[in-house]
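>
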Amino acid sequence: MQRVEIDGTPICLIHAEDDNFYAISDTCTHEEYSLCEGDLWEMSVECPRHGSRFDVRTGQVTGLPAVIPAKTYPVTVENGDLYVEVPD
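Letter 69 of the sequence shown, counting from 1, is numbered 1372 in the numbering used here, and no numbers are missing.
Next comes the structure, spelled out in structure tokens:
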């Protein structure tokens, strides 16, 4: 996992076990902590602060205490380069 910032938006880039790349907000919706500092469990990223988990594909909560989904962003790979689409 790698943290990047695109147009002021903190994003966690993830190369998941399905060999695809995903981009999810780097901010936990429970207490605004960096998700990139956590662990990847199968297809969920776990916040290191209180253990909230989010599906990297959809942003849906897969483990409490968070109840609000995290934002996800479309990722494309072209000629070995990653592109993340962040809306204005």
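By construction, the Cβ of each residue, glycine as well, lies at the ideal position given by its N, Cα and C atoms.
On a predicted model such as this, the values are computed, not experimentally measured, just so you know.
1) Any idea if D1322 is buried or exposed, counting beta-carbon neighbours within 10 angstroms, 16 or more meaning buried?
2) How long is the line joining the alpha carbons of P1393 and F1357, rounded to whole angstroms?
3) Can you give, in chain order, each stretch of the beta strand (DSSP E) that sits fully within the stretch 1313-1350 and has at least 3 residues?
4) Short of 6 Å in beta carbon distance, which residues of its chain neighbour C1425, apart from the five on each side in sequence? Order them along the chain.
5) Can you tell me whether Q1305 sits near the ligand GTP, meaning its C-beta is under 7 Å from at least one heavy atom of the ligand?
6) Applying the criterion that 16 or more other CB atoms from any shown protein chain within 10 Å of the CB defines a buried residue, is V1364 buried or exposed?
7) How is R1352 classed by DSSP in three states: helix, strand or coil?
In brief:
1) Along the sequence shown, one-based indexing puts residue 1322 at 19. Label assigned to D1322: exposed.
2) Here the chain covers residues 1304 to 1391 and nothing more, so residue 1393 does not appear.
3) With a minimum length of 3 residues, the continuous beta strand (DSSP E) runs that stay inside the stretch 1313-1350 are 1324-1328, 1342-1344 and 1347-1349.
4) Residue 1425 is absent from the structure shown; the chain starts at 1304 and stops at 1391.
5) In the structure shown, the ligand GTP is absent, as is every other ligand, since no ligand is present at all.
6) Position 61 of the sequence shown, counted from the start, is the residue given in the question as residue 1364. When all chains shown are included, V1364 counts as buried.
7) For this step, residue 1352 is matched to residue 49 along the sequence shown. Three-state result, R1352: coil.
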